[in-house]
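Read in order, the letters of the sequence shown are residues 1 to 194 in the working numbering. Built from N, CA and C at the ideal position, the CB exists for glycine as well. For clarity, every value in this text was computed on a predicted model and none was experimentally measured. Accompanying notes for the structure given below.
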Amino acid sequence: MLDEYKTLKTGGEGYYTDKRSKFLAFAHHVSTVDEIKELLAGYRKKYYDARHVCYAYMLGPERLDFRANDDGEPSSTAGKPILGQINSNELTDILIVVVRYYGGVNLGTSGLIVAYREAAADAIAHSEIETRQVEEIITYSFAYPMMNDVMRIVKEMQPRIVSQTYDNTCEIRLSIRKSEAEQLKSRLNKLSFE
């Protein structure tokens, strides 16, 4: 089971020019479609005089939620090459926006594909990429006398403690790498029957 994914730690900017057309590329770490919409609105406002604001995004560790947009460029000449760079770098939780200023000379479909691909690649090259782990949150409730046993498992398996409450009934929320989640659940559940 895959429990790692690559994403941007810090975003970057890229640039490409061909026949006086300028392509400004911006890569961002994102986690929701709302965040993407907000960033796109900001770029459309900031670069209101640009001919096209094209983009592609990929969301989630499974990399199943994605979209490419040509924003008026000929079909599949902008969004797809941008998405292609995201895919070839195996990135997710990423948005790449490429703003085009038209230079007066048509580039043709192959020229556009190269331009958008190179601008997106340059933005990725100027970003810092990191590998993150897919984590699962486990909530476990237990009686106070079981505290030492629970904490021993926590110490051995090293999950991150998200929250904990100690009362007559204690509750601990742990975040652990997805591939180790079943083992942690199983060890905690065994405590309940000892």
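Query, Result
"Reference GLU118, options MET147, LEU83 and LYS6, closest by Cα", "LEU83"
"GLU4 and ARG132 closer than 8 Å at C-beta", "yes"
"Nearest-angstrom beta carbon gap, GLY111 and SER20 [assumed within contact, 8 Å]", "The displayed chain sequence assigns Arg, not Ser, to residue 20. Not quite, the Cβ-Cβ distance comes to about 12 Å (not below 8 Å), so this is no contact."
"Of the residues GLY42, VAL150, ARG173 and ARG44, the one placed nearest GLU135, counting alpha carbons only", "ARG173"
"Whole-angstrom C-beta distance between VAL97 and LEU59, which should lie under 8 Å", "Between VAL97 and LEU59 the Cβ distance is about 15 Å, and since that is not below 8 Å, they are no contact."
"Proximity below 8 Å, CB of LEU184 to CB of ASP149", "no"
"Three-state class that DSSP yields for GLU171 in the structure shown", "strand"
"ILE176 versus ASP93: straight-line alpha-carbon distance, rounded", "20 Å"
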